[in-house]
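K.L.:
The structure's right below; bear with me while I get my questions together.
Protein chains: 2
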Amino acid sequence: MKATGLIVEYNPFHYGHQYHFLQSKEASGADCTVAIMSGNFLQRGEPAIIDKWHRAQIALQSGIDIVLEIPYVFAVQNSDLFAKGAVLSLDALGVDSICFGSEDGSIEPFVNAHNELQVHEKEYHESLHEHLKEGLSFPEASRHAYHKIGLGDDAIDLGQPNNILGFSYTKTILDYNLNIKPMTIQRKQSGYHDETIEHKIASATSIRKEILSQGYITEEAKGSLPPLTVDALEQYRDVTGSWHEWELYFPLLQYKISTMSPEELGQIHGVEEGLEHRFKQTIHKANNFQEWMNLIKTKRYTWTRLQRTLTHILTNTKTKEIESISTINEAPYVRLLGMTNMGQQYISQQKKEMDCPLITQLHKGVHPFLTIEERAVDSYLSMFKPTIKRERRNREFMPPILP
Amino acid sequence: MKATGLIVEYNPFHYGHQYHFLQSKEASGADCTVAIMSGNFLQRGEPAIIDKWHRAQIALQSGIDIVLEIPYVFAVQNSDLFAKGAVLSLDALGVDSICFGSEDGSIEPFVNAHNELQVHEKEYHESLHEHLKEGLSFPEASRHAYHKIGLGDDAIDLGQPNNILGFSYTKTILDYNLNIKPMTIQRKQSGYHDETIEHKIASATSIRKEILSQGYITEEAKGSLPPLTVDALEQYRDVTGSWHEWELYFPLLQYKISTMSPEELGQIHGVEEGLEHRFKQTIHKANNFQEWMNLIKTKRYTWTRLQRTLTHILTNTKTKEIESISTINEAPYVRLLGMTNMGQQYISQQKKEMDCPLITQLHKGVHPFLTIEERAVDSYLSMFKPTIKRERRNREFMPPILP
Chain X
-18 MKATGLIVEY NPFHYGHQYH FLQSKEASGA DCTVAIMSGN FLQRGEPAII DKWHRAQIAL
42 QSGIDIVLEI PYVFAVQNSD LFAKGAVLSL DALGVDSICF GSEDGSIEPF VNAHNELQVH
102 EKEYHESLHE HLKEGLSFPE ASRHAYHKIG LGDDAIDLGQ PNNILGFSYT KTILDYNLNI
162 KPMTIQRKQS GYHDETIEHK IASATSIRKE ILSQGYITEE AKGSLPPLTV DALEQYRDVT
222 GSWHEWELYF PLLQYKISTM SPEELGQIHG VEEGLEHRFK QTIHKANNFQ EWMNLIKTKR
282 YTWTRLQRTL THILTNTKTK EIESISTINE APYVRLLGMT NMGQQYISQQ KKEMDCPLIT
342 QLHKGVHPFL TIEERAVDSY LSMFKPTIKR ERRNREFMPP ILP
Chain W
-18 MKATGLIVEY NPFHYGHQYH FLQSKEASGA DCTVAIMSGN FLQRGEPAII DKWHRAQIAL
42 QSGIDIVLEI PYVFAVQNSD LFAKGAVLSL DALGVDSICF GSEDGSIEPF VNAHNELQVH
102 EKEYHESLHE HLKEGLSFPE ASRHAYHKIG LGDDAIDLGQ PNNILGFSYT KTILDYNLNI
162 KPMTIQRKQS GYHDETIEHK IASATSIRKE ILSQGYITEE AKGSLPPLTV DALEQYRDVT
222 GSWHEWELYF PLLQYKISTM SPEELGQIHG VEEGLEHRFK QTIHKANNFQ EWMNLIKTKR
282 YTWTRLQRTL THILTNTKTK EIESISTINE APYVRLLGMT NMGQQYISQQ KKEMDCPLIT
342 QLHKGVHPFL TIEERAVDSY LSMFKPTIKR ERRNREFMPP ILP
């Protein structure tokens, strides 16, 4: 049985994701699709609009065979660590290929870029370091350094977030010498309209913006979302009273930052170079999250970088707890959220070959990262009343879901 | 100019407090009354129904000349530490007497009890230790130990909370050999009805229970509250949307306890003997604060003791930050909340004699306890929207209030 791996957030699952998934299955010739998804918090340091279980359910019902979770400690990180967490998990489950979306749809530029980087590694790092010292953000400094070693405009455009992620996936596969074929599917442009089936591709960001600002799923948004997603989003909100967004967590951030000492804040992953003082000095000056972000962002600290740090403050994730993520070279465990019958067959086949634990329920004591996972769940659910909180957190301790 | 000191919580200020204040002034022959009040959190480990500034304002408008604040680190403590924080501050401001309410109205039993305790100190401590080892709570063990050394039913009844506090005040004055005369006024019984002026004395606890459970100030409650208090309570609630009670902070406790490690919880003042595990195991089993308290209380840990610990969790107050409170033997500072003209004259007169700083605004760096004070303010205000939070916390950095 052949499997292809997809690295996803599905926040929420839309027609672009469906297209990517169907194309990947066809191109890879896989029998089984394994989507590894960020959990309740996303790579850009944001709470997912609905929780991981509901997003996994939509994926299974849309035809994905297995949904895994990227461990929180890897998910809310820069593209290289995010890729590492995702790719190593997929490798542990023995996928044959990983298929990601890119602007161009051709894998050679990614592989070539990796080769170039290996040849010019020293030069790249020197240039990167120089630009960081100038006060540039990591993505900016990195873009300059790539340009310096010839990975500029002629190669893949590493200014495009999706290309950056794709490049990180490719690098991880090649660096760790994994038995996985990197593949890419050309993304359908945002705004692409398929006249025959009357829906269009829009980015998840623009869809979220639309529904969060309007407070309901507009006709415009419905045009880009499969009915499964629309129903799941509406049902979620009917039960919980709201979707998740940073604004709802702002009071908690205010509380947390004003009651932690600068020393305590300094222990949180990502709080460095005096950010703790900047946070404490400004936290009561803003009326909402958006306003506050505009007060604290700088050339050096991008919006995304800051959001990730704030997520770690919310989840109380300390640098020393997750130091090992940069040196680890195999998956700490594989966390299974849900599967179809086909998925179940594939897992039965692979299970005996696996070198790391397969986590089907959040048992304690298996790995310290699972304690952080539980805190991420509790932070994410903090906005709900106790009964909903209890029901939702209990889900973590139950067997994986079925479609 | 002679001053008498009152140790109060005014939560909220009622006719019983007015009676105590007028009687104290008369009995002591003082020109000036100094009330030292717990701040936003009270001795029993509860948020005050309205904030300290509004409570101070009512006191000044009711005729109190000076309102000081008991430092948080002393206020949310057992009766001996509470007394120490209050009495040493009053001493620093040079009061001639301290006048407290008691069931009996006579000071001799308190002074005699102190003498007895000095004579039988070893026996008392042995007995106390023995009963604590049996698993009794401190107040229970202490009551048994007093009984053992003859401070039983014939002497003052140390089972009565007000007598316990009065005894702690007396002990502090005598132990530190302060130049203060301890005095006591007989309390009017709860339910006491003064036919001529158509109001009655009720306990602050029963008044709070009435208005918090009903959600408004009932006619029953109005019968026990001066119009000043009724107006202040109503105005407060009109602006902020609610009065303060533990139930409103329960979501924060759930968040805090589930995202702190047992080791981190163990550093909080009062978390000992495995309470951290008990808290973590039960925090999601209850639907509200009341239910949760019933799950965690034991023979050893009284409701009050637990509430104080939970307040320290809310304010992130660690044992090592406040170790010095048991050995300190003078006021770290005197915090002034408000004063009348008479109060201002008294302070001008006393200021040059003072051995510790007089804090009129919450400046940082003067004393580490003031950082904790600021955290207590931010925790207390955490339930409000950012605009109200900002306005209310700014009050801390402004000059004292006038009537």
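Just so you know, the sequences run in chain order X and W. Each residue of the first sequence is one higher than the one before, starting from -18 at the first, in our numbering. Each residue of the second sequence is one higher than the one before, starting from -18 at the first, in our numbering. Beta carbons: idealized from backbone N, C-alpha and C, even for Gly.
Closest to X/Ser108 by C-alpha separation, out of X/His125, X/Asn96, X/His95 and X/Gln99, would be which residue?
P.N.:
Of the candidates X/His125, X/Asn96, X/His95 and X/Gln99, the one whose C-alpha sits nearest the C-alpha of X/Ser108 is X/His125.
K.L.:
Round the Cβ separation of X/His265 and W/Lys237 to the nearest angstrom and send it over; I've been treating them as touching at under 8 Å.
P.N.:
Contact doesn't hold; Cβ gap of about 19 Å is too wide.
K.L.:
Please state the DSSP three-state secondary structure of X/Met18.
P.N.:
X/Met18: strand per DSSP, three-state reduction.
K.L.:
Can you list, in chain order, the residues of its chain with a C-beta nearer than 8 Å to that of X/Met(-18)? Leave out the 5 residues immediately preceding and following it.
P.N.:
Excluding positions up to five away in sequence, the list reads Asp12, Cys13, Gln326, Tyr327 and Gln330.
K.L.:
Taking the alpha carbon of W/Leu343 as the point to measure from, which residue in W/Ser363, W/Ile30 and W/Arg373 has its own alpha carbon closest?
P.N.:
For W/Leu343, the nearest C-alpha among the options comes from W/Arg373.
K.L.:
Starting from the beta carbon of X/Lys370, find every residue of chain W whose beta carbon is closer than 8 Å, and list them in chain order.
P.N.:
Under the 8 Å cutoff, chain W gives Gln235 and His265.
K.L.:
Can you tell me whether X/Glu257 is buried or exposed? The criterion is at least 16 other CB atoms within 10 Å of its CB, across all chains shown.
P.N.:
Buried.
K.L.:
Starting from X/Lys162, trace the beta strand (DSSP E) in both directions and tell me its first and last residue.
P.N.:
Start and end: Lys162 to Gln167.
K.L.:
Tell me where the beta strand (DSSP E) around W/Phe81 begins and ends.
P.N.:
Per DSSP, W/Phe81 belongs to the beta strand (DSSP E) from Ser78 to Ser83.
K.L.:
Could you check if X/Pro207 is buried or exposed, using at least 16 other CB atoms within 10 Å of its CB as the buried criterion?
P.N.:
Buried, by the Cβ-count rule.
K.L.:
For W/Ala(-16), write down the residues that DSSP places opposite it in a beta bridge.
P.N.:
The partner list for W/Ala(-16) (beta bridge, DSSP) reads W/Cys13.
K.L.:
Under a CB-based cut-off of 8 Å, is X/Pro367 close to chain W?
P.N.:
Yes, X/Pro367 lies at the interface with chain W (some Cβ there is under 8 Å from its Cβ).
K.L.:
What residues from chain W crowd round X/Thr240, counting only those whose CB sits closer than 7 Å?
P.N.:
Under the 7 Å cutoff, chain W gives Thr296, Asn297, Arg356, Asp359 and Ser360.
K.L.:
Is the CB-CB distance between X/Ser118 and X/Lys280 below 8 Å?
P.N.:
Yes, the Cβ-Cβ distance between X/Ser118 and X/Lys280 is below 8 Å.
K.L.:
Is X/Asn269 close to chain W, meaning its C-beta is less than 8 Å from at least one C-beta of that chain?
P.N.:
Answer yes: the Cβ-Cβ gap between X/Asn269 and chain W drops below 8 Å somewhere.
K.L.:
Distance cutoff 8 Å, beta carbons only. Does W/Pro28 sit that close to anything in chain X?
P.N.:
By this cut-off, W/Pro28 is not an interface position.
K.L.:
Assuming X/Ile88 contacts X/Thr165 under a Cβ cut-off of 8 Å, what Cβ separation, rounded to an integer in Å, is found between them?
P.N.:
The pair is a contact, with the Cβ atoms about 5 Å apart (cut-off 8 Å).
K.L.:
Helix, strand or coil: which one does DSSP assign to X/Pro384?
P.N.:
Of the three classes helix, strand and coil, the one that applies to X/Pro384 here is coil, per DSSP.
K.L.:
Just to make sure I have the definition right: I need the residues of chain W whose C-beta is within less than 9 Å of the C-beta of X/Arg374. Which are they?
P.N.:
By Cβ distance, chain W contributes Ser239 and His265.
K.L.:
So that I know if they touch, is there some Cβ in chain W lying closer than 8 Å to that of X/Ser194?
P.N.:
No, X/Ser194 lies away from the interface with chain W (no Cβ there is under 8 Å from its Cβ).
K.L.:
Who pairs with X/Lys299 in a beta bridge, going by DSSP?
P.N.:
BP columns for X/Lys299 point to X/Ile249.
K.L.:
Applying a beta-carbon distance threshold of less than 7 Å, which residues of chain W neighbour X/Pro232?
P.N.:
In chain order: Ser363.
K.L.:
Three or more beta-carbon pairs under 8 Å between the region 283 to 290 of chain W and the region 238 to 254 of chain W, yes or no?
P.N.:
Touching, yes, given that three or more Cβ pairs across the two stretches are closer than 8 Å.
K.L.:
DSSP on W/Lys332, reduced to helix/strand/coil?
P.N.:
W/Lys332: helix per DSSP, three-state reduction.
K.L.:
Helix, strand or coil for X/Arg218, going by three-state DSSP, please let me know.
P.N.:
The answer is helix: DSSP assigns X/Arg218 an H, G or I state.
K.L.:
Sorted by chain position, which residues of the same chain lie with C-beta nearer than 6 Å to W/Gln58's C-beta, five sequence neighbours on each side aside?
P.N.:
No residues qualify anywhere along the chain.
K.L.:
Which residues share a DSSP beta bridge with X/Leu317?
P.N.:
Note: X/Leu317 sits in a beta bridge opposite X/Leu49.
K.L.:
Does the structure place the region -15 to 5 of chain W close enough to the region 29 to 42 of chain W that three or more beta carbon pairs sit under 8 Å?
P.N.:
Cβ pair count under 8 Å is three or more, so yes.
K.L.:
Taking the alpha-carbon of W/Pro142 as reference, which of W/Lys129, W/His101, W/Thr300 and W/Thr186 has the nearest alpha-carbon?
P.N.:
Here the closest residue by C-alpha is W/Thr186.
K.L.:
Just checking, does the region 13 to 29 of chain W make contact with the region 82 to 99 of chain W on the three C-beta pairs under 8 Å criterion?
P.N.:
The answer is no - the region 82 to 99 of chain W does not touch the region 13 to 29 of chain W, with fewer than three Cβ pairs under 8 Å.
K.L.:
When DSSP labels each residue in this structure, what does W/Leu339 get in the three-state scheme?
P.N.:
Correct three-state label for W/Leu339: strand.
K.L.:
Taking only runs of the beta strand (DSSP E) that begin and end inside the region 68 to 128 of chain X, which ones reach a length of at least 3 residues, in chain order?
P.N.:
Fully enclosed beta strand (DSSP E) runs of 3 or longer: 78 to 83.
K.L.:
Applying the 10 Å Cβ sphere with the 16-neighbour rule, what's the burial state of X/Pro52?
P.N.:
Classification of X/Pro52: buried, given that the 10 Å Cβ count is 16 or more.
K.L.:
Just mark X/Phe55 as buried or exposed, buried being the case when its beta carbon has 16 or more other beta carbons within 10 Å.
P.N.:
X/Phe55 comes out buried.
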